[in-house]
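In this text, residue positions in the sequence shown follow my numbering: the first is 138, and each later residue adds one.
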Amino acid sequence: MVQGKFDVIHGWAAKKPGIKVEPWSYKPRPIGPHDIEIEIMHSGICGSDLHTLKAEWEKTDYPAIVGHEIVGRVVTKGENVTRFSEGDIVGVGAQVYGCLQDKCSECSRGLDPHCSEAVFTYNEKYPDGEQAQGGYATAVRVDANYAFKIPDAIANGYLEYAPPLMCAGVTTFAPMIRKGVKKGDKVGVVGIGGLGHLAIQFAHALGAEVYAFSHSPNKKQQCLDLGATHFINTSDEEDLKSVHRKLDYLFVTSSSQSNEYNKYMSWMDFGAMIILLALPAGKMSFGAGEFTSSEVLITGSLIGGVDVLQKTLDFAAEHNIRPIIERLPMEKVNDALERVNSGKARYRIVLDNPVSSN
């Protein structure tokens with residue numbers, strides 16, 4: 138068995154519901170033949186981290202180290218790992234294991250996030266009962282299939298922009314390529330925040346005519362700078378009238394109220410598609426006639442699997458797509474979590490470990 142560099146991993150863990158984390162260390166799982174050990178250089182903060190810390194979605198097993206936007210250096214690899222060498226700069230997203238077997242109905246269709254054996258990056262248990270711990274830490278050990286090479290165009294000088302691409306980036310890009318967004322399509326983005334500002338960039342790079350929807354008119358210039366063709370002030374009735382039956386796709390990246398979807402449907406061309414990337418509070422309610430009269434489809438997207446994550450990184454590198462970030466040292470993680478929780482972060486926060494200091 139290969140001996141890792143980190144016999145003990147030091148991190149910042151929640152011990153109870155809330156957004157406060159504190160120093161905590163754990164002994165990692167042994168490095169298997171298909172695993173790699175990564176010394177973490179940067180770790181992004183995702184809204185999912187806060188939901189997990191606060192146990193808002195499901196039961197959280199404490200102590201819990203969250204963080205699934207991980208970038209670092211391979212320091213150890215299992216004996217069967219051939220894709221990576223020690224020293225490679227890689228990223229890890231929201232999933233660290235799936236069976237990836239041809240006989241698996243989900244994995245064989247590129248839907249490994251839905252695999253019955255899937256293990257997400259934190260607050261999940263491996264088949265051996267060990268709990269997966271995330272990226273607010275010095276290191277992490279994962280199946281090498283769920284680590285992805287950071288392109289040189291990002292790794293050389295822009296590495297701190299990579300973490301948000303591992304979750305926010307793939308969350309927005311994966312449904313665009315799976316649903317067939319192409320040049321000339323009219324694509325709307327609702328919610329110009331951590332997901333939305335990346336969705337604008339990806340849709341623009343795919344050649345779409347991008348409509349950015351926000352109730353904050355002060356975001357107009359930034360949206361246009363990011364690649365939006367049009368800015369729609371959702372508080373302006375004239376703006377909203379201009380998009381009636383206009384869109385081919387609408388990506389909803391904010392936790393909109395469930396009753397807003399009726400309004401969204403009026404923006405859609407016949408047969409168009411609304412894709413949920415965020416979870417609205419409460420249940421959604423529609424009359425059957427709203428679907429038959431508009432022929433609008435409503436669907437959702439979880440995260441990207443192994444088939445699309447590397448594509449996301451390579452596409453972002455090729456088209457110079459970068460998140461807007463704030464950086465804080467890892468020891469300031471509680472300050473960072475408070476900024477995200479209060480809605481003050483613009484738009485993603487990246488935590489730096491000492492190994493990555495410039």
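Every residue, glycine too, gets a C-beta built ideally from N, C-alpha and C.
**Request:** Would you list the one or two residues that DSSP bridges to Trp404?
**Result:** Taking the first residue of the sequence shown as position 1, residue 404 is located at position 267. Looking at the DSSP assignment, Trp404 forms no beta bridge with any residue, so it has no partner.
**Asked** If you draw a straight line from the C-alpha of Ala311 to the C-alpha of Val324, how long is it?
**Response** Position 174 of the sequence shown, counting from 1, holds the residue named residue 311. Position 187 of the sequence shown, counting from 1, holds the residue named residue 324. Roughly 15 Å separates the two Cα atoms.
**Asked** Roughly how many whole angstroms lie between the Cα atoms of Pro165 and Lys153?
**Response** The residue given as residue 165 occupies position 28 in the sequence shown. The residue given as residue 153 occupies position 16 in the sequence shown. C-alpha separation (whole angstroms): 21 Å.
**Asked** So Thr366 is in the alpha helix (DSSP H); what residue range does that whole segment cover?
**Response** As a first step, residue 366 is located in the sequence shown; it is residue number 229 there, counting from the start. First-last for Thr366: undefined, no H or E at that position.
**C-alpha gap between Lys196 and Lys320, whole angstroms** = Reading the sequence shown from its first residue, position 59 is the one you call residue 196. Reading the sequence shown from its first residue, position 183 is the one you call residue 320. Spanning the two alpha carbons is a distance of roughly 43 Å.
**Message:** Could you compute how far the alpha carbon of Glu206 sits from the alpha carbon of Met410?
**Reply:** For this step, residue 206 is matched to residue 69 along the sequence shown. For this step, residue 410 is matched to residue 273 along the sequence shown. Their Cα atoms are separated by approximately 28 Å.
**Prompt:** What did DSSP end up calling His251 once you bin it into helix, strand or coil?
**Reply:** Indexing the sequence shown from 1 puts residue 251 at position 114. Reduced to three states, the DSSP call for His251 is helix.
**Request:** Say yes only if the C-beta of Val307 is nearer than 8 Å to one or more non-hydrogen atoms of the ligand GTP, and no if none qualify.
**Result:** No copy of the ligand GTP occurs in the structure displayed, which carries no ligand at all.
**Touch test, the segment 218–235 against the segment 301–316, Cβ-Cβ under 8 Å, three pairs minimum** = yes
**Message:** Tell me the rounded alpha-carbon separation between Tyr398 and Val326.
**Reply:** The sequence position of residue 398 within the sequence shown is 261, counting from 1. The sequence position of residue 326 within the sequence shown is 189, counting from 1. So the two alpha carbons sit approximately 13 Å from each other.
**Prompt:** Among Ala276, Thr366, Leu384 and Ser379, which one has its Cα closest to the Cα of Trp161?
**Reply:** Mapped onto the sequence shown, residue 161 falls at position 24. The option with the nearest alpha carbon to Trp161 is Ala276.
**Request:** Give every residue of the same chain whose Cβ lies closer than 8 Å to the Cβ of Val121, excluding the five residues on either side of it in the sequence, and list them in chain order.
**Result:** An answer regarding residue 121 cannot be provided, because it is not within the stretch 138 to 495 covered by the chain.
**Asked** Where in the segment 287–343 do unbroken runs of the beta strand (DSSP E), each at least 3 residues long, occur, reported from the N-terminal end onward?
**Response** 323–327
**Asked** Secondary structure at Leu190, three-state DSSP: helix, strand or coil?
**Response** Residue mapping note: residue 190 aligns to position 53 of the sequence shown, counting from 1. Reduced to three states, the DSSP call for Leu190 is helix.
**Item:** Bridge partner(s) assigned by DSSP for Asp373
**Value:** Taking the first residue of the sequence shown as 1, we reach residue 373 at position 236. BP columns for Asp373 are empty, so no partner.
**Validate contact between the segment 343–359 and the segment 414–434 using beta carbons, cut 8 Å, 3 pairs** = no
**Message:** Please give the ranges of any beta strand (DSSP E) in the segment 432–481, keeping only runs that are unbroken, at least 3 residues long and fully inside the region.
**Reply:** 434–437 and 462–466
**Residue from Gly480, Glu475, Arg485 and Lys383 whose Cα sits closest to the Cα of Lys157** = On the sequence shown, position 20 is the one that residue 157 refers to. Nearest option by C-alpha distance: Glu475.
**Contact set for Ala290: own chain, Cβ-Cβ below 6 Å, skip 5 residues either direction** = Reading the sequence shown from its first residue, position 153 is the one you call residue 290. Same-chain partners within the cutoff: Ala454.
**Prompt:** Taking the C-alpha atoms as reference points, what is the distance between Lys191 and Pro250?
**Reply:** The count along the sequence shown starts at 1 and reaches residue 191 at position 54. The count along the sequence shown starts at 1 and reaches residue 250 at position 113. Taking the straight line from one Cα to the other gives about 23 Å.
**Asked** Would you call the segment 413–428 and the segment 362–372 in contact, with 3 or more CB pairs under 8 Å?
**Response** no
**Message:** Mapping the DSSP letters down to three states, classify Arg166 as helix, strand or coil.
**Reply:** Your numbering for residue 166 matches position 29 in the sequence shown. Of the three classes helix, strand and coil, the one that applies to Arg166 here is coil, per DSSP.
**Message:** Rounding to the nearest angstrom, what Cα-Cα distance links Pro417 and Val492 in this structure?
**Reply:** For the purposes of this step, residue 417 is identified with residue 280 of the sequence shown, where counting begins at 1. For the purposes of this step, residue 492 is identified with residue 355 of the sequence shown, where counting begins at 1. Cα to Cα, the separation comes out at about 39 Å.
**Item:** Whole-Å CB distance - Arg497 paired with Gly331, under 8 Å assumed
**Value:** Residue 497 is absent from the model: the chain starts at 138 and stops at 495.
**Request:** Following the continuous beta strand (DSSP E) through Tyr273, name the residue where it begins and the one where it ends.
**Result:** Taking the sequence shown and counting its residues from 1, the one referred to as residue 273 is at position 136. Note, Tyr273: premise wrong, no beta strand (DSSP E); not H, not E.
**Prompt:** Would you call Glu297 buried or exposed, if buried means 16 or more other Cβ atoms sit within 10 Å of its Cβ?
**Reply:** Sequence index remark: in the sequence shown, residue 297 carries index 160 (1-based). Classification of Glu297: buried, given that the 10 Å Cβ count is 16 or more.
**Item:** Contact under 9 Å by Cβ, Pro412 with Val389
**Value:** The sequence position of residue 412 within the sequence shown is 275, counting from 1. The sequence position of residue 389 within the sequence shown is 252, counting from 1. A small fix is needed here, since residue 412 is Ile in this sequence, not Pro. In this structure, Val389 lies closer than 9 Å to Ile412 by Cβ.
**Identity of the residues DSSP links to Ala201 by a beta bridge** = Working through the sequence shown from its first residue, we reach residue 201 at position 64. DSSP lists Ala151 as partners of Ala201.
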